[in-house]
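Throughout, this note's numbering is defined as the position within the sequence shown, counted from one, plus 28. What follows is a short report on a single structure.
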Amino acid sequence: MTKLNLTRRKFIVGGALVGGGLAVGYGFLRDGDPANAALTATTMEGEVALNAWVKVDKDGLVTFAIPRSEMGQGVYTALAMLVAEEMDANFSELVVEQAPVADVYANIAVMKDALPFSDKHHEGEDTIGAWGMAKLGQFLGVQVTGGSSSVRDAWLPMRQAGATAKAMLVAAAARTWDVPPAEISVTNGVLSHGGSGMAGGFGDFAILAASETVSLDPVLKKSSEFTLIGTPQPRLDIPSKVDGTAEFGVDIELDGMVHAAVKLSPVLGGTLASHDASAVKDMPGVLKIVPFESGVAVIADSFWRAKTAVEALPATFNDGPAKEFSSGGILTLLEENLESEDSRIYAETGDARAAIDEAQSAVKAVYKVPFLAHACMEPMNCTAMVTDTGVEIWMPNQVPTLIKWFAEKIADVPAENVIVHTPLLGGGFGRRLEIDLVIMAVAIAKEMKNRPVKLLWTRENDIQHDIFRPAAVSRLEGALGSDGRISAWANRIVSQSVSGSYTARLLPWATMDVPDNTTSEGAADIPYEFTSRLVDHVPVKLPIEVGFWRSVGHSYNAFFTESFMDEMAYAARADPVDFRLAHLENHPDFANVLKQLAKVSNWSTPLDQGRARGVALHESFSSIVGQVVEITVNGDKEITVDKVYCVIDCGAVVNPDTVKAQMESGIIFGLTAALYGEIEIEDGVVLNSNFPDYEMIRLGNCPEIEVHLAPSGRLLGGVGEPGTPPIAPALTNAIFAATGERLRELPISRAGFIA
C-alpha cells in the first residue's frame, strides 16, 4: 500500500470547534471561505446557493445538494424531505444532485459511532468520548456513507439548512414588500402576505435572498407540525432507474475514453513477479500493458478487447503469506483462540465466569460463520483521467473524501486539482468504502495521460479479490437461576478486527493495537437483563483483508446471541418469546417490538404439520428489529422459507415506504448469507468465482415479507443495515423448532439443509 502523507490539518486536532446543528457543517471552514463556497462553485447562471445545501434559480427551481451516496437506500429522497419540510418547498418540483467534496459535508454521526470504546454513547447518552469524535470528524471533514448514519447525521443540519434558506427568502420578500417577516407565510414554494394579497415564488426573491443574513440556529418545526416527514413519498431516484437514464459508474462514457481490464494475483495479497507484454501487445485494440504491484492491466479501445488480452497475457506471481491459509484451517485457528488468555473485555457485570463454573447444568455452545463477499450488483469500477496538473475521477463510492486524498497522492498533483464525481451506486454494502480501485485506476491512467481510462473488474475479480466480512467463532455459556431466568451469561468472540484491517490499508504507519467496538457490537450491548455477564473478544491477525459488510459485527453477533437465547429458552422449557420478554423488564421499547411481532406473526397460533416458526430480536445502529421466520420442511432437510414478519422501531420515521423497503432489502441480504453465503479459501486462493458458486436469493425462492413500523419515540435510528442481523438466527431457530436440529454454523448448507 502506498503511504499517504496527509496534511497536519487532517490529522492533528487542536482547539475547541463549534458544535450542534447546521454549525457543525461550518465548524472547520478554511479561513475566508464563505459557508456556501462549495455549493456556489456548482451554480449556473441565474442560480444562487443560499447555503451549502440549497440552491434556487430565477425560475424558482430548488436544488438540494445531497452529501451522501445514493446506493439504493433512498438517501436522496430522505435527506431532501428533511430540507423540504423546513423550507416548505414543493417536494414534487425540486431536484437533487450529489454534493461536491468539501469539509462542510462531513459525516459527524459515523465518527461518533466509531468511538473505539464504550462510554454510554451507544446507549444514547451525550458523552465526552462522542464529543471528542465529533470534533475529530469536523476536523477531518470526511464525507462518508455508511453505518446507517445518513439520516441520523442529517436530521438537524439539513432541516436547519431548509429553515435558514426559508428565512432568507422570507427576509428578502419582506424587504421587497416592506412588511414584517412574521406576516409572511410559505406553502409549497410560494411566499404570501395575507394582509396585502402579495405573493411570489422562491425564484422571485432568490437573488436578493442570497445577501440576507440569518441565524444558523433557527427555530425548527415540532413533529406535530410536520406535513412531509413521516409521510410516504415517491423515491426521487426511481424514475431514472426505470427509464434507463440513471447514470451509474459502469455507464460513464467520455470523449476519448479507453478501457482497462486486469489480471490479479490468484493468491490473496500476492504480488506480480513477471509478465510477457509481447505476447498480447499486437492483439486487436490493445494500446498499452501496465504492470502494478498486485497484477497487470491491459488498456484497449474496448473492454472486451482489454479483457480478452489480459486473460491471454502470461504472468507469474509471488504468493505472499496468505498462501499458508485455507478456510478450514482458519476456522480451526479461531476456535483454538477461544482458549486464549489475551482478550479484550467489552462488557462485564458481576462474576459470570464463577457463576457458570458453579452451575449444575450450564448450557454451552460454539458458533461459527465464514468469510463473506459483498457481491454488489454493479461490478467494481473506476474511471480516471490524469493530466500533468490534475486528476478527475468518476467512481461509485461511499467515501469521496478518501477517494480524493488517494487520487491526489497517486497522481502527484495539488489537492485543489482533484475532482471526484460520485454517480449512483449499484450497491455498496461497505465494499465501496475501500480505496483499492482508485489506487489501481489512477496508477493505470497515469500511463495514458489526458485520456479517461475506465477500469472495470470482472465478477471473478470482484468475488475473488473482495475485502471480505471476517470469519468469526463465538462460545456462549449460560446458567439458569431457580426462577427459570438466566443468572449468568458469558460470550467470547474470536475474529479479525475490521477497523484495524481498514486502518492498516489506509494508513499503515498509523495502525495501532486498539479496541474495536465492531468486533463486539450486538454482543456487548444486548438489552437482556442478567445478574452477571461477561463479553470479551480475542483479536486474531490474518493475512486476509477484511472490511465493513452490511451491519458489520452485528451480522454475526446477532446470530450468536439470538441463537443462544433460543437454546437457553429450550433449556428453561420456556416459549422463546416469553423467555425473551422475561429478560426485558427494564427495556419497554424492546419488549414492545417483541410483543407487536408476536401479535402480527400469530406466534401463539399452531402451524400445520411440517411447518415451524423462529424468532429473533436485535438492536443495531439505534434501531430495534424483531423478526419471525416461517418455514416448511419438505422431506429430508429440504426447507422453504415461506414468510418473514418484521417489526422495527427506528425512532422518528422520515419516509415509511423507504423504511419498509430497507427492511425487505436487509432481510434478503442476510437470508442470502444464511442460506448460501461462504467464501471458500484454499492455499490463499478464493475458490468462488461468480454467482453460480456464490449463490443469491432470487424471485423464485424469496419469501413473502411483511414489515410493520412501531415507533416508540426513542432516538432516531438507522434503517439501511438493521434488517440484516436478526434474519439468520430467526431462520435457524425455526429449523430447530421444525426438526430438532440446532444449527450453530452458517450457511445452513453446511449441515446439509437445502433451500
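Every residue, glycine too, gets a C-beta built ideally from N, C-alpha and C. Since we're looking at a predicted model, the values are computed, not measured.
Identified DSSP bridge partners for residue i
{"i": "Met226", "result": "His221"}
{"i": "Arg561", "result": "Thr377 and Trp517"}
{"i": "Gly654", "result": "Leu645 and Val675"}
{"i": "Ser502", "result": "Tyr395 and Ile521"}
{"i": "Asp792", "result": "Because the chain is modelled from 29 through 783, residue 792 falls outside the range shown and cannot be assessed."}
{"i": "His493", "result": "Note: His493 sits in no beta bridge, so no partner."}
{"i": "Gly323", "result": "Leu292 and Phe320"}
{"i": "Glu420", "result": "Met413 and Ile447"}
{"i": "Arg21", "result": "The displayed coordinates of the chain run from 29 to 783. Any statement about residue 21 would go beyond what the structure contains."}
{"i": "Ile709", "result": "Val714"}
{"i": "Pro785", "result": "Nothing can be reported for residue 785: it is not among the residues displayed for the chain, which extend from 29 to 783."}
{"i": "Leu508", "result": "Ile514"}
{"i": "Leu452", "result": "Phe276"}
{"i": "Ala328", "result": "His287 and Val314"}
{"i": "Val574", "result": "Phe496"}
{"i": "Leu774", "result": "The partner list for Leu774 (beta bridge, DSSP) is empty, contrary to what the question assumes."}
Boundaries (first-last residue) of the alpha helix (DSSP H) holding residue i
{"i": "Gln188", "result": "Pro185 to Trp205"}
{"i": "Ser583", "result": "His582 to Ala599"}
{"i": "Val397", "result": "Counting along the chain, Val397 falls outside any alpha helix (DSSP H), though it belongs to the beta strand (DSSP E) covering Val391 to Val397."}
{"i": "Phe618", "result": "Pro616 to Val628"}
{"i": "Lys335", "result": "Phe331 to Ala340"}
{"i": "Ala758", "result": "Ile755 to Thr767"}
{"i": "Ala532", "result": "Val526 to Leu534"}
{"i": "Ala80", "result": "Here Ala80 belongs to no alpha helix (DSSP H), and DSSP marks it neither H nor E."}
{"i": "Ser178", "result": "Ser178 to Ala182"}
{"i": "Ile605", "result": "In the sequence under discussion, the amino acid at residue 605 is Val, which differs from the Ile named in the question. Run containing Val605: Pro604 to Ala610, per the alpha helix (DSSP H) assignment."}
{"i": "Val470", "result": "Asp464 to Ala473"}
{"i": "Thr633", "result": "First-last for Thr633: undefined, no H or E at that position."}
{"i": "Leu67", "result": "Ala65 to Thr68"}
Cut-off 6 Å between Cβ atoms - residues of its own chain near residue i, not counting five sequence neighbours on either side
{"i": "His582", "result": "Glu549, Gly550, Ser648 and Pro753"}
{"i": "Ile40", "result": "Note that Ile40 has pLDDT 27, beneath the 50 cutoff, so the model's placement of it is unreliable and the number below is only indicative. Taken in chain order, the list of residues that qualify is empty."}
{"i": "His611", "result": "Tyr556 and Glu557"}
{"i": "Ala785", "result": "The question about residue 785 has no answer, for the chain in this structure spans 29 to 783."}
{"i": "Cys730", "result": "none"}
{"i": "Ala469", "result": "Cys410, Ala412 and Leu483"}
{"i": "Phe764", "result": "Arg770"}
{"i": "Asp265", "result": "Glu98 and Tyr104"}
{"i": "Arg641", "result": "Val656, Glu658 and Ala762"}
{"i": "Met408", "result": "Leu465, Trp485 and Asp490"}
{"i": "Lys392", "result": "Glu505"}
{"i": "Gly258", "result": "Val681"}
{"i": "Val318", "result": "Ala325, Ile472 and Glu475"}
Nonlocal neighbours in the same chain, by C-beta distance under 7 Å from residue i, ignoring five residues either side
{"i": "Ile554", "result": "Thr589"}
{"i": "Asp379", "result": "Ser560"}
{"i": "Leu292", "result": "Ser322, Gly323, Asn489 and His493"}
{"i": "Phe56", "result": "Summary for Phe56: the model assigns pLDDT 47, below 50, so the residue's position carries little reliability, and this model does not support an answer."}
{"i": "Ala382", "result": "none"}
Terminal residues of the beta strand (DSSP E) in which residue i lies
{"i": "Glu436", "result": "Counting along the chain, Glu436 falls outside any beta strand (DSSP E), though it belongs to the alpha helix (DSSP H) covering Pro428 to Ala439."}
{"i": "Ala93", "result": "Val90 to Ile94"}
{"i": "Val735", "result": "Glu732 to Leu737"}
{"i": "Thr215", "result": "Ile212 to Thr215"}
{"i": "Glu369", "result": "From DSSP, Glu369 is part of no beta strand (DSSP E); its letter is neither H nor E."}
{"i": "Val414", "result": "Asn409 to Val414"}
{"i": "Leu484", "result": "Val481 to Leu484"}
{"i": "Thr344", "result": "Ala343 to Asn346"}
Inter-residue CB distance, residue i and residue j (contact presumed, cutoff 8 Å)
{"i": "Asp416", "j": "Arg459", "result": "Going by Cβ atoms, the distance from Asp416 to Arg459 rounds to 32 Å, so no, they are not a contact pair."}
{"i": "Gln690", "j": "Gly748", "result": "6 Å"}
{"i": "Thr192", "j": "Leu110", "result": "The Cβ separation is near 13 Å, so there is no contact."}
{"i": "Ser591", "j": "Pro757", "result": "5 Å"}
{"i": "Tyr374", "j": "Val563", "result": "5 Å"}
{"i": "Ala334", "j": "Ala289", "result": "4 Å"}
{"i": "Gly298", "j": "Asn365", "result": "Actually they are not in contact, since the Cβ atoms of Gly298 and Asn365 sit about 26 Å apart, beyond 8 Å."}
Close Cβ partners of residue i (< 8 Å) along its chain, the five nearest in sequence each way excluded
{"i": "Glu125", "result": "Thr70, Thr91, Phe92, Ala93 and Ile94"}
{"i": "Gly509", "result": "Ser515 and Thr559"}
{"i": "Ala108", "result": "Phe92, Ile94, Phe119, Leu122, Val124 and Leu264"}
{"i": "Thr336", "result": "Met311"}
{"i": "Asp721", "result": "Leu715"}
>> Could you tell me which whole beta strand (DSSP E) segments of length 3 or greater appear in the region 659 to 707?
In response: 667 to 677
> Which runs of the alpha helix (DSSP H) spanning at least 4 residues fall entirely within the region 237 to 320, listed in chain order?
Replying inline: 266 to 271
> Counting only runs that start and end within the region 97 to 156, where is the beta strand (DSSP E) found for 3 or more residues in a row?
Replying inline: 123 to 126
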